[in-house]
Amino acid sequence: MFDSYFQVPGLVLLNVLPVILLTFLLWFVTGRAGLGFGITTAAVMTLTMVNILKIRLRNDPLMMEDLKLISEAGGVAGKYNLSLTQEQWRGIAIAVLLIVIVSVLTHRFRMKRRQGWGKVRLAGCFVLLAVTGVLWKTVYLSENIYNATINKCGINHYSNVDEFQSRGFVYPFLYSYKKSVDTPPEGYKKKEAAEILDSYEDADIPEEKKINGVSVMLESYADLSKLVDNDAIDAVYEPLHEIESQSISGGLVSDVFMGNTVQTERAFLTGYNRMGSFRSASNSYVRYLASQGYTTEGSHPGYDWFYNRVNINENLGFEQYYFFDDYYSNTGMNKDTLILDSDALFFPEVVKMMQNSIEETGKPYFSFHVSYQNHGPYYTDHLFREGQEYVTPEDTGWSQESCTILNNYLGNIADTTEQLQKTLDALEEYDEPVVFVAFGDHLPWLGDDNSVYLETGMDISTDTEEGYLNHFTTPYFFWANSAAKEVLGSDFTGEGDTISPCFLMNDLFEALGWTGDAYMQYTRSVRETCPILSANLAYKIDGMFTRELTEEQQAMVDEFNCVQYYRRKNFEEYK
Numbered sequence: 003m004f005d006s007y008f009q010v011p012g013l014v015l016l017n018v019l020p021v022i023l024l025t026f027l028l029w030f031v032t033g034r035a036g037l038g039f040g041i042t043t044a045a046v047m048t049l050t051m052v053n054i055l056k057i058r059l060r061n062d063p064l065m066m067e068d069l070k071l072i073s074e075a076g077g078v079a080g081k082y083n084l085s086l087t088q089e090q091w092r093g094i095a096i097a098v099l100l101i102v103i104v105s106v107l108t109h110r111f112r113m114k115r116r117q118g119w120g121k122v123r124l125a126g127c128f129v130l131l132a133v134t135g136v137l138w139k140t141v142y143l144s145e146n147i148y149n150a151t152i153n154k155c156g157i158n159h160y161s162n163v164d165e166f167q168s169r170g171f172v173y174p175f176l177y178s179y180k181k182s183v184d185t186p187p188e189g190y191k192k193k194e195a196a197e198i199l200d201s202y203e204d205a206d207i208p209e210e211k212k213i214n215g216v217s218v219m220l221e222s223y224a225d226l227s228k229l230v231d232n233d234a235i236d237a238v239y240e241p242l243h244e245i246e247s248q249s250i251s252g253g254l255v256s257d258v259f260m261g262n263t264v265q266t267e268r269a270f271l272t273g274y275n276r277m278g279s280f281r282s283a284s285n286s287y288v289r290y291l292a293s294q295g296y297t298t299e300g301s302h303p304g305y306d307w308f309y310n311r312v313n314i315n316e317n318l319g320f321e322q323y324y325f326f327d328d329y330y331s332n333t334g335m336n337k338d339t340l341i342l343d344s345d346a347l348f349f350p351e352v353v354k355m356m357q358n359s360i361e362e363t364g365k366p367y368f369s370f371h372v373s374y375q376n377h378g379p380y381y382t383d384h385l386f387r388e389g390q391e392y393v394t395p396e397d398t399g400w401s402q403e404s405c406t407i408l409n410n411y412l413g414n415i416a417d418t419t420e421q422l423q424k425t426l427d428a429l430e431e432y433d434e435p436v437v438f439v440a441f442g443d444h445l446p447w448l449g450d451d452n453s454v455y456l457e458t459g460m461d462i463s464t465d466t467e468e469g470y471l472n473h474f475t476t477p478y479f480f481w482a483n484s485a486a487k488e489v490l491g492s493d494f495t496g497e498g499d500t501i502s503p504c505f506l507m508n509d510l511f512e513a514l515g516w517t518g519d520a521y522m523q524y525t526r527s528v529r530e531t532c533p534i535l536s537a538n539l540a541y542k543i544d545g546m547f548t549r550e551l552t553e554e555q556q557a558m559v560d561e562f563n564c565v566q567y568y569r570r571k572n573f574e575e576y577k
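Going from the sequence shown to the working numbering is simple: count from 1 and add 2.
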């Protein structure tokens, strides 16, 4: 990768220039070139080494936000083997020796005391600070410049670590400041937000109602039968509709389309519709369940670095989270067909994890899993599943490419629904009470520039209520086995509301008869008034879809934004 840095125009300069500016600034401040060089170089080398170790141990680069967490670093590092190889120690020794030698050699370059020398140094400091300030705002925080320095050196551009390293260290480290700034919402007052939450008390889950919960977010799982009138497509979704008739089911209005699945995922786990970075221990419903004696774990048959789940899920309170490399690769799953054909192996493992945990610990159980099958894009020129041709140009008038994309997507959806039904059948035979939750994260990719949506007449415009809901809505359902229904005293069926993902856990707790923690109790009143609270500034309030709020409605939304911001920024263990 080192040689590639010199192939990207300006990349080397962007990394070296801040070091030069800081060296000269400290020279003017101290009057000694050796000190300016020594302090700067030692600081940069130290941060570089910390970055290398952090990537080694956590598969996560050093971001500027991490400097706030120095007090926690020792505790985290203690969990890992920090041993270095002889070659690495040699490299560190050489670097330190070079710093010392150059510092000594440049020590004699000192600004001699003479009349007016203080003003010269002061002026130099002001000039350097002014130049630094201008560069900081116009260059180092520029998204356009950052994107223009993309380094195509064979890295995985879906990996945040690779993207970071491909730009060096100093430059991406400085740019990470943008992500470290979590600006409070307008009108935010910490004391007022704290008082609102303090007016509620965390409620315990009654022992007799501590049933087990398994939740799965389904990749690109959408009900296209609601978007287009076609008998063949309707038939694909009949098994899903049968499952929904045996469940509490509704629609989930996410804030994302065709991607950024993590938004829906973390909204469910935290109750937030505006996400923070979660780079340190964070409040979540996962932690609440853990405080109630639940085992909390989950899995995803993908790479642990994607969306930094390996670190963030731990920060959200999961005791264990399994990925492809450390778990699913041992189940016979093929990484080359994860998108196309992984659910048949994925769902049985979801059930197995629960059964093993309950058998080994005797504790109530909660898990959250993210599937991989159905991730786009889909083949445009041939069928993945032979014989699964649901729509044809002859029957529909749609192009062959659109029909092929749809057939590949529908074939996978049919398989996912079949695996869902097999999972529910297995849970029905299980003696322990279990509630199973499933929901889609977002609508699928269906051709470049939404070509299939447009050609088939699926209305996904966002300027009308119908189009907006079509654009962002996926199905969800809560299903309970017979043992759970007996414990709950409910048939656990019915029509659920159309809601935002941040309220999905609210509705689940209500169906279970659980009160929840203080934050959930507060958000329950918000959810009752405004079940759709989109970060895209679309709302459903008192049964009416709107983009413009009354003064009273805006005050409620503003308060919710302030309370969730307070909860995000002020982590506190459950008592």
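From the three backbone atoms N, C-alpha and C, an ideal C-beta is built for every residue, glycine too.
Using three-state DSSP, classify residue i as helix, strand or coil.
i	result
V437	strand
T394	coil
V216	strand
G304	coil
H109	coil
D509	helix
P187	coil
L254	strand
T475	strand
G12	coil
Q375	coil
A516	According to the sequence displayed, residue 516 carries Trp and not Ala. Coil at W516, not helix or strand.
Y82	Low per-residue confidence applies at Y82: pLDDT is 46, beneath 50, and the placement is therefore not dependable enough to give any value.
R34	strand
S73	Confidence at S73 is low in this model, with a pLDDT of 48, below 50, so its placement is unreliable and the value that follows should be read with caution. S73 falls in the helix class under three-state DSSP.
S404	helix
A482	strand
G496	strand
L422	helix
S369	strand
G442	strand
L448	coil
L535	strand
I415	helix
Y455	helix
With distances taken Cα to Cα, identify the nearest neighbour of residue i among the options.
i	options	result
A234	M355, G156, F308 and V393	V393
H444	V14, P503 and K542	P503
E420	F480, S344, L130 and K191	S344
G378	G261, S453 and T476	G261
I245	R526, I198, F480 and W447	F480
A45	T32, V21 and K56	V21
F166	T298, R281, I54 and E434	I54
Y432	T398, Q375, M356 and L199	M356
G442	I57, D225 and A132	D225
D544	I314, F320 and D499	D499
K368	D465, C127 and Q294	Before going further, note that residue 368 is Phe rather than Lys in the sequence given. Comparing Cα positions, the closest option is Q294.
N153	M3, F474, L28 and K365	M3
S492	S279, S249 and F547	S249
A346	I360, Y330 and N358	Y330
E299	Y309, N317, Y305 and S282	N317
S251	E497, G126 and K542	E497
V102	E361, T32, V454 and G38	G38
F386	D184, S401, I407 and P241	I407
Rounded to the nearest angstrom, how far is the Cβ of residue i from that of residue j, given a contact under 8 Å?
i	j	result
V218	H371	5 Å
C564	A195	5 Å
S301	Y274	Incorrect: roughly 23 Å between the Cβ atoms, too far for contact.
V255	I534	5 Å
R123	T151	Incorrect: roughly 34 Å between the Cβ atoms, too far for contact.
Y380	N410	4 Å
G36	V106	7 Å
N376	S222	4 Å
Any beta carbon of chain D sitting closer than 7 Å to that of residue i?
i	result
I96	The question asks about chain D, but that chain is absent: this structure has only one protein chain.
Give a yes or no on contact between the segment 419–438 and the segment 341–351, applying the rule of three or more CB pairs nearer than 8 Å. These segments touch.
So, does the segment 511–523 touch the segment 271–290, judging by three or more C-beta pairs under 8 Å? Remark: three or more beta-carbon pairs, one from each stretch, lie closer than 8 Å, so the segment 511–523 and the segment 271–290 are flagged as touching.
Using 8 Å as the threshold, is the segment 165–182 in touch with the segment 50–68, meaning 3 or more CB pairs across them? Contact check between the segment 165–182 and the segment 50–68: three or more CB pairs, one atom from each, fall below 8 Å, which counts as touching.
Validate contact between the segment 177–192 and the segment 331–345 using beta carbons, cut 8 Å, 3 pairs: For the pair of segments examined, the segment 177–192 was found not to touch the segment 331–345: the number of CB pairs separated by less than 8 Å stays below three.
At which residue ranges does the segment 273–336 contain complete beta strand (DSSP E) runs of 3 or more residues, listed in the order of the chain? As far as the segment 273–336 is concerned, its whole beta strand (DSSP E) runs of at least 3 residues are 297–301 and 322–324.
Mind listing, in chain order, the continuous beta strand (DSSP E) runs of no fewer than 3 residues lying wholly within the segment 118–154? Counting only runs of 3 or more, we get nothing.
Counting beta carbon pairs with one atom in the segment 450–468 and one in the segment 201–215, are three or more of them shorter than 8 Å? No, the segment 201–215 is not in contact with the segment 450–468.
Taking one C-beta from the segment 85–97 and one from the segment 23–41 each time, how about it: are there three or more such pairs within less than 8 Å? The count of Cβ pairs closer than 8 Å, one atom from the segment 85–97 and one from the segment 23–41, stays below three, leaving the stretches out of contact.
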